[in-house]
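Notes follow once the structure below has been shown.
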Amino acid sequence: MAVHVVDHPLAKHLVNSLRDRTTRPEAFRQMSRTLSTMLVFEATRGIRCDSRVVETPLAETVGDFLGQGLAVVPVLRAGLAMLESALILFPDVAVGYIGLERDHNTAVAHSYYCKLPNLADRFTLCVDPMLATGGSASQAVALLKANGAKPVVFVSVISAPEGIERLQRDHPDVEIYTAAVDDRLNELKYIVPGLGDFGDRLYGTM
Ligand code: PRP
Ligand code: URA
2 MAVHVVDHPL AKHLVNSLRD RTTRPEAFRQ MSRTLSTMLV FEATRGIRCD
52 SRVVETPLAE TVGDFLGQGL AVVPVLRAGL AMLESALILF PDVAVGYIGL
102 ERDHNTAVAH SYYCKLPNLA DRFTLCVDPM LATGGSASQA VALLKANGAK
152 PVVFVSVISA PEGIERLQRD HPDVEIYTAA VDDRLNELKY IVPGLGDFGD
202 RLYGTM
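For what it's worth, this note's numbering labels the leading residue of the sequence shown as 2, then goes sequentially.
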C-alpha cells in the first residue's frame, strides 16, 4: 500500500522545527498538535461518506456526510501527542490505547497495555509519531486487526525506510501517512536525522 508524505509547506516547517534540538517541550507539544491535525486530516480521506437530503434555508439538496465511525488508537506514550487532533476534528471518535515500549538495548518493543473499543466497521487510525524499525507499528496494527479493525491507516510524524519496509511487509493492506521519510536508522535504531526520542522531548524527560 501507498506511503503518503504530507509535504505542505506548513508541515515541512513544523517537522523541521520539531527536529531542532533547542525546541523546548511546550513548543514541541504545540507544534506536534498542529502537525498531527494536518496528518489526521489527510489520513482520513478514505473514510466512507453517505449521501442524504439536506434542507438549506433556500432549497433541498443532496450532500455527503460522514458515513462511517472513526477510531483512533495512540501508541503510548508518544502517540498521545497526536490524539487531541483527532478528537478535535472528529468529536465522535472512539479511542483505544496500546502501550508499547522499546527495550533500550534490543530496540524490540514489548506490550504493557491494551484497551481497545469494538473496532468492527470503524475506519481506524493508529497514531505513533516515530516509525523506526517498524516493530512497534507492526505489533500495534496486529492488535487492531485482531479486534476487527479494517481498514487500518498508520499515521506517523517521521518514518525511516526500514520501518516503512517492515510495516508494508507485515501488513501490506495498511496505508501510511507521514510528514517525512528520513535517511536511515543509526546503530541504536534511532531515526537519522530524526528528532531524537519523541516521548522524551514531548514530556521533558531527557
Ligand atoms: C517510540 C515511538 C514508537 C517506537 C518506534 O516509542 O513512539 O512507539 O519508539 O520504534 P520502532 O519502530 O523501532 O518500534 P518508545 O518505545 O520510545 O516509547 P515511548 O513512546 O513510551 O517513549
Ligand atoms: N523512537 C523515537 O522516539 N525516536 C527514534 O528515532 C526512534 C524511536
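Just so it is clear, CB atoms sit at the ideal spot from N, CA and C, and this is done for glycine as well.
{"query": "Cβ pair Leu117, Gly100 closer than 7 Å", "result": "no"}
{"query": "7 Å Cβ cutoff met for Met39 and Leu19", "result": "no"}
{"query": "Contact under 7 Å by Cβ, Gly164 with Ala133", "result": "yes"}
{"query": "Secondary structure of Tyr204, DSSP reduced to three states", "result": "helix"}
{"query": "The ligand URA heavy atom lying under 6 Å from the CB of Gly195", "result": "yes"}
{"query": "The segment 199-207 in contact with the segment 141-149 per 3-pair CB rule at 8 Å", "result": "no"}
{"query": "Cross-strand partners of Leu116 (DSSP beta bridge)", "result": "What sits at residue 116 in the sequence shown is Lys, not Leu. DSSP output for Lys116 lists Tyr98 as bridge partner(s)."}
{"query": "Contacts around Val73, its chain only, beta-carbon distance under 7 Å, and the 5 residues preceding and following it disregarded", "result": "Leu84, Ala87, Val94, Val96, Leu126, Val128"}
{"query": "Per-residue burial, Asp174 [other beta carbons within 10 Å of its own, 16 or more giving buried]", "result": "exposed"}
{"query": "6 Å Cβ shell around Ala3 - same chain, five flanking residues per side excluded", "result": "Glu176"}
{"query": "Length of the line joining the Cα atoms of Ala44 and Tyr178", "result": "6 Å"}
{"query": "Residue burial classification, Ser52 (beta-carbon count within 10 angstroms, cutoff 16)", "result": "exposed"}
{"query": "Whole-Å CB distance - Ser139 paired with Arg103, under 8 Å assumed", "result": "Incorrect: roughly 13 Å between the Cβ atoms, too far for contact."}
{"query": "Those residues, in chain order, that have a beta-carbon closer than 7 Å to some heavy atom of the ligand PRP", "result": "Val76, Leu77, Arg78, Ala79, Gly80, Leu101, Glu102, Arg103, Ala108, Ala110, Asp129, Pro130, Met131, Leu132, Ala133, Thr134, Gly135, Gly136, Ser137, Ala138, Gly164, Lys190, Asp198, Phe199, Gly200, Asp201"}
{"query": "Asp201 classed as buried or exposed, judged by whether at least 16 other C-beta atoms fall within 10 angstroms", "result": "exposed"}
{"query": "Identity of the residue in Phe66, Asp21, Pro26, Ala82 nearest Val41 by Cα", "result": "Ala82"}
{"query": "Opening and closing residue of the beta strand (DSSP E) in which Phe124 lies", "result": "124-128"}
{"query": "Boundaries (first-last residue) of the alpha helix (DSSP H) holding Phe42", "result": "26-44"}
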